[in-house]
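The numbering of the sequence shown is full-length UniProt numbering, which starts it at 1 and goes up by one.
One structure is given here, and the rest of the page talks about it.
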Amino acid sequence: KEDEDDVDLLACACYVAAHANPDIDVEDVRREIDACAALVRRRLDADVDARFPLRTIKTISRAWSTDLGFKGNVENYYEVENSCVDDVLRRKVGIPITLCLMYMEIAKRVGVDMVDVGIPGHLLCRPLAEGMEVLVDPFNQGDVLFIEEVEDILSKNSLFGEGGKVQIERSFLQETKIRKKAFLTRMLVNLKSIYFAREDYERALQITEYMMACNP
Numbered sequence: 001k002e003d004e005d006d007v008d009l010l011a012c013a014c015y016v017a018a019h020a021n022p023d024i025d026v027e028d029v030r031r032e033i034d035a036c037a038a039l040v041r042r043r044l045d046a047d048v049d050a051r052f053p054l055r056t057i058k059t060i061s062r063a064w065s066t067d068l069g070f071k072g073n074v075e076n077y078y079e080v081e082n083s084c085v086d087d088v089l090r091r092k093v094g095i096p097i098t099l100c101l102m103y104m105e106i107a108k109r110v111g112v113d114m115v116d117v118g119i120p121g122h123l124l125c126r127p128l129a130e131g132m133e134v135l136v137d138p139f140n141q142g143d144v145l146f147i148e149e150v151e152d153i154l155s156k157n158s159l160f161g162e163g164g165k166v167q168i169e170r171s172f173l174q175e176t177k178i179r180k181k182a183f184l185t186r187m188l189v190n191l192k193s194i195y196f197a198r199e200d201y202e203r204a205l206q207i208t209e210y211m212m213a214c215n216p
């Protein structure tokens, strides 16, 4: 659909997960995220400085990693479960895209709207608060990074830096909405690659059909 405003991204992610977990219940997933957000809200309410936008983000990230225990699944990055939101909620590990979705859903419930930001080889998210030029890395303990820090990290990576300074195009700061079709497509591409690597062509075909439905 061209107008994505009425697309429920979390529900769509649950439908993707249903290919592996057919008993998944969207409302159960919502309730689990609500419970996570309630814990974050308690931490925010206890922080007298949480009214400041940057402090709010840092408090959310502290709750994300310390209280909720979310982290990137570095050891088993290519497990299918990392792409299934119900498994991510249960195990508290995932890959950048599913962890970004969880982080953004939790943040939304405590009054912080965010969008995803793709950088080479990774996915981050950023708050939409005016003047907030920071990025959050849910895969790495919810690290809060200034854009210059991300540029430095990419510059030091030989795959992207090529010996020079990487500069991130600031136009992404104009994005005010999650591009939901692109987000879901990225999630499906990850799954398709996993199944191809496993030579599970039946599952790969199933995911390809999902991709075609997402991009008719």
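Glycine included, each C-beta is placed from N, C-alpha and C at the ideal position.
By alpha-carbon positions, which one of the options ends up nearest to residue i?
i           : options             : result
residue 44  : 107, 182, 26 and 16 : 107
residue 26  : 48, 59 and 86       : 86
residue 122 : 210, 113 and 135    : 135
residue 14  : 208, 30 and 58      : 30
residue 196 : 79, 165 and 183     : 79
residue 102 : 202, 35 and 5       : 35
residue 120 : 156, 144 and 90     : 156
residue 129 : 200, 4 and 56       : 56
Excluding the 5 residues flanking residue i on each side, which residues of the same chain have their C-beta closer than 8 Å to its C-beta?
i           : result
residue 95  : 72, 73, 77, 82, 83, 139 and 190
residue 142 : 60, 61, 62, 64, 65, 70, 103 and 136
residue 215 : 181 and 185
Could you pull out every residue in the same chain whose Cβ sits closer than 6 Å to the Cβ of residue i, ignoring the five residues on either side in sequence?
i           : result
residue 133 : 147
residue 165 : 155
For residue i and residue j, what's the separation of their Cα atoms in angstroms?
i           : j           : result
residue 217 : residue 204 : Residue 217 lies beyond the stretch modelled for the chain, which goes from 1 to 216, so this question has no answer here.
residue 167 : residue 151 : 6 Å
residue 212 : residue 28  : 27 Å
residue 20  : residue 48  : 43 Å
residue 51  : residue 59  : 11 Å
residue 153 : residue 23  : 41 Å
residue 127 : residue 113 : 6 Å
residue 54  : residue 46  : 16 Å
residue 208 : residue 179 : 20 Å
residue 201 : residue 131 : 47 Å
With a CB to CB cut of under 7 Å and the five nearest residues on each side skipped, what residues in its chain are close to residue i?
i           : result
residue 198 : none
residue 194 : 78 and 80
residue 91  : 81
Please say whether residue j and residue i have beta carbons closer to each other than 8 Å?
i           : j           : result
residue 229 : residue 210 : Any answer about residue 229 is impossible in this case: the structure gives the chain only from 1 up to 216.
residue 93  : residue 37  : no
residue 115 : residue 177 : yes
residue 63  : residue 99  : no
residue 105 : residue 10  : yes
(Q) Please give the ranges of any beta strand (DSSP E) in the stretch 121–161, keeping only runs that are unbroken, at least 3 residues long and fully inside the region. (A) For the stretch 121–161, whole beta strand (DSSP E) runs of length 3 or above, ordered along the chain, are 122–127, 134–137 and 143–146.
(Q) Extract the residue ranges of the alpha helix (DSSP H) inside the stretch 45–98, only unbroken runs of 4 or more that lie entirely within it. (A) Within the stretch 45–98, the complete alpha helix (DSSP H) runs of at least 4 residues fall at 53–62 and 85–91.
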